[in-house]
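Visitor: Next up is a structure, given as structure tokens.
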Amino acid sequence: MNYKVKNIYGKTRGGKTAVSVPGSKSITARALLIAASADGESTLHGVQFSDDCKTFLQCLTDLGIECEVFGNSVKIKGCGGKLKKDVAEIFVGSAGTAARFLPAFLAFQRGSYSLTCSEQMKNRPVSSLINTLKKLGAKFTFLREQNSYPFIIEGAFSPENEVSVNIDESSQFLSALLISGICANAPLTIKTEGSHSLGYVDMTVEIMRSFGAEVEKTEDGYRVCGAYTARAYEIEPDVSAACYFYAANKILGTDITVNGLMPDSLQGDMNFIKLLKNFDGGKVDMSGFSDQALTLAAIAPYLKNPTEICNVVHIRRQECDRIGAIVKNLTAMGVRVEEFADGVKIYPSAPKPAKICTFGDHRVAMSFAVTGLRADGIEIENAEVCSKTFKDFFTVLDGVCTRLCKDCSN
Numbered sequence: 003m004n005y006k007v008k009n010i011y012g013k014t015r016g017g018k019t020a021v022s023v024p025g026s027k028s029i030t031a032r033a034l035l036i037a038a039s040a041d042g043e044s045t046l047h048g049v050q051f052s053d054d055c056k057t058f059l060q061c062l063t064d065l066g067i068e069c070e071v072f073g074n075s076v077k078i079k080g081c082g083g084k085l086k087k088d089v090a091e092i093f094v095g096s097a098g099t100a101a102r103f104l105p106a107f108l109a110f111q112r113g114s115y116s117l118t119c120s121e122q123m124k125n126r127p128v129s130s131l132i133n134t135l136k137k138l139g140a141k142f143t144f145l146r147e148q149n150s151y152p153f154i155i156e157g158a159f160s161p162e163n164e165v166s167v168n169i170d171e172s173s174q175f176l177s178a179l180l181i182s183g184i185c186a187n188a189p190l191t192i193k194t195e196g197s198h199s200l201g202y203v204d205m206t207v208e209i210m211r212s213f214g215a216e217v218e219k220t221e222d223g224y225r226v227c228g229a230y231t232a233r234a235y236e237i238e239p240d241v242s243a244a245c246y247f248y249a250a251n252k253i254l255g256t257d258i259t260v261n262g263l264m265p266d267s268l269q270g271d272m273n274f275i276k277l278l279k280n281f282d283g284g285k286v287d288m289s290g291f292s293d294q295a296l297t298l299a300a301i302a303p304y305l306k307n308p309t310e311i312c313n314v315v316h317i318r319r320q321e322c323d324r325i326g327a328i329v330k331n332l333t334a335m336g337v338r339v340e341e342f343a344d345g346v347k348i349y350p351s352a353p354k355p356a357k358i359c360t361f362g363d364h365r366v367a368m369s370f371a372v373t374g375l376r377a378d379g380i381e382i383e384n385a386e387v388c389s390k391t392f393k394d395f396f397t398v399l400d401g402v403c404t405r406l407c408k409d410c411s412n
């Protein structure tokens, strides 16, 4: 479906409203796997049920983990670190977190597991993680290309107790090893190579500790041991989803708040909300909250000074080439934009009517919808792609417009 964005700039009355967003995708994925690895039955509240998280949950079910969904909660009977099922086929779809976390988990199991994915996921980086899992002792049979999906993984009967992982492409490789390191037969030392923002790794460590794991930061990595104990766990609202509404505030002068959002949230995208408070253009390193590079690009034409987004070369290999998507769509709107290998520079402009090509990427769809709140004629093609993380985004956005707008019939 296509979605025609309502231009509500200058039409809002009072400009104050509140919205609810799904639970954090990042926390949901981590909590699902940790609960599945725990000893006993955990209950997760505030779970996000986006396409990605449903896929992750189905993968756990296919691996023999008992999961019961009720409302926005999930009961999970953990396996105590060792699966009873030693043969299974799982489909990770386009869920990047599942595609990175589950191979690491299975590397510590004594079975043979077949992992397949969507066409989109086949092009996303995973080779650095696979190389580490090989050194750990896991064996791979690749069904397409070397060091990529799809493949069969056989877990290490006696895994090594020290490994290194390169995180240049994604910090998820490190999080994957940390979470499943407790499944090893002995304490696991993980050394890191390369560089990447560790905000999401800090989140991983905090959630692990809340379930009872012991995680120690070392000079060049981490040491993990212990076990997970089942518990009830509350998942925060998704800050990545909240960011679209705070970006709208920036360009509309409104006061849209997100219910339940915590200022001390573990989620790295809180840095974007903090940036917005005083930002009116300039150069910004977004490596630590790169999911919001699209969002900042979408509102950059309305800022006083040119905006340069840098150090996000890795977003070229996410759901789409996100730097390329920024350039194509802003250019279509008549916005002056310069493209670099690791980012873009966007100049103040008045966006013109355009159809936004989403490239099958949920964040492209949601980000440029924000642009259209202050510009005429912005239409989002294939808007349904937002179901990957926020199925009801456009319904929620319509509600915001209705509540804030004096006359949205134009």
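Heads up: take any position in the sequence shown, counting from 1, add 2, and you land on our numbering. We put the beta carbon where it would ideally sit given N, CA and C, even for glycine. From a predicted model like this one, the values you see are computed outputs, not experimental measurements.
1. When you compare the segment 311–326 with the segment 393–400, are there three or more beta-carbon pairs, one atom per stretch, that lie closer than 8 Å?
2. Assuming ASN261 contacts ALA20 under a Cβ cut-off of 8 Å, what Cβ separation, rounded to an integer in Å, is found between them?
3. Just tell me which of LEU375, LYS136 and ARG338 has its CA closest to the CA of THR256.
4. Hey, is the segment 242–254 in contact with the segment 288–304, meaning 3+ C-beta pairs nearer than 8 Å?
5. Going by C-alpha distance, which of GLN148, ALA140 and SER150 is nearest ALA158?
6. Tell me where the alpha helix (DSSP H) around ASN251 begins and ends.
7. Answer with buried or exposed for PRO355, where buried requires no fewer than 16 other C-beta atoms within 10 angstroms of its C-beta.
8. Taking 8 Å as the threshold (C-beta atoms), are ILE92 and LEU131 in contact?
9. Is there contact between the segment 377–391 and the segment 399–406, where contact requires at least three CB pairs shorter than 8 Å?
10. Please state if the CB of GLY290 and the CB of SER197 are separated by a distance shorter than 8 Å.
11. Assign ARG102 to one of two classes, buried (16 or more other C-beta atoms within 10 Å of its C-beta) or exposed (fewer than that).
12. Going by CA-CA distance only, name the one from ASP282, ARG338, GLU164 and THR99 that's closest to GLU321.
13. State buried or exposed for VAL71, treating a residue as buried only when at least 16 other CB atoms are found within 10 Å of its CB.
14. Does LEU375 come out as helix, strand or coil in the three-state DSSP assignment?
15. Please report the distance separating the alpha-carbon of PHE392 from that of MET210.
16. Which runs of the beta strand (DSSP E) spanning at least 3 residues fall entirely within the segment 146–198, listed in chain order?
17. Leaving out the 5 sequence neighbours to the left and right, which residues in its chain are closer than 6 Å to THR134 when beta-carbon positions are compared?
Guide: In short, the structure shows the following:
1. no
2. Walking along the sequence shown from the start, residue 261 turns up at place 259. Walking along the sequence shown from the start, residue 20 turns up at place 18. The pair is a contact, with the Cβ atoms about 6 Å apart (cut-off 8 Å).
3. Counting from one through the sequence shown, the residue named residue 256 turns up at place 254. If we check each option's Cα against that of THR256, LEU375 comes out closest.
4. yes
5. Along the sequence shown, read from residue 1 onward, the residue named residue 158 stands at position 156. Closest option to ALA158, Cα to Cα, is ALA140.
6. Numbered from its first residue, the sequence shown carries residue 251 at position 249. Unbroken alpha helix (DSSP H) run through ASN251: 241–254.
7. Counted from its first residue, the sequence shown places residue 355 at position 353. So PRO355 counts as exposed.
8. To locate residue 131, count along the sequence shown from 1; it is residue 129. To locate residue 92, count along the sequence shown from 1; it is residue 90. Not in contact: LEU131 and ILE92 (Cβ atoms no closer than 8 Å).
9. no
10. Here residue 197 refers to the residue found at position 195 of the sequence shown. Here residue 290 refers to the residue found at position 288 of the sequence shown. No; because the gap between Cβ atoms is not below 8 Å, this pair is not in contact.
11. In the sequence shown, residue 102 corresponds to position 100, counting from 1. It is buried - the Cβ of ARG102 has at least 16 other Cβ atoms within 10 Å.
12. Start at 1 with the first residue of the sequence shown, and residue 321 comes out as number 319. For GLU321, the nearest C-alpha among the options comes from THR99.
13. Along the sequence shown, one-based indexing puts residue 71 at 69. It is exposed - the Cβ of VAL71 has fewer than 16 other Cβ atoms within 10 Å.
14. For the purposes of this step, residue 375 is taken as the residue at position 373 of the sequence shown. If DSSP states are grouped into helix, strand and coil, LEU375 belongs with coil.
15. Against the sequence shown, residue 392 aligns to sequence position 390. Against the sequence shown, residue 210 aligns to sequence position 208. Near 25 Å, if we compare the C-alpha coordinates of MET210 and PHE392.
16. 153–156, 164–168 and 190–195
17. For the purposes of this step, residue 134 is taken as residue 132 along the sequence shown, with counting starting at 1. VAL165 and VAL167.
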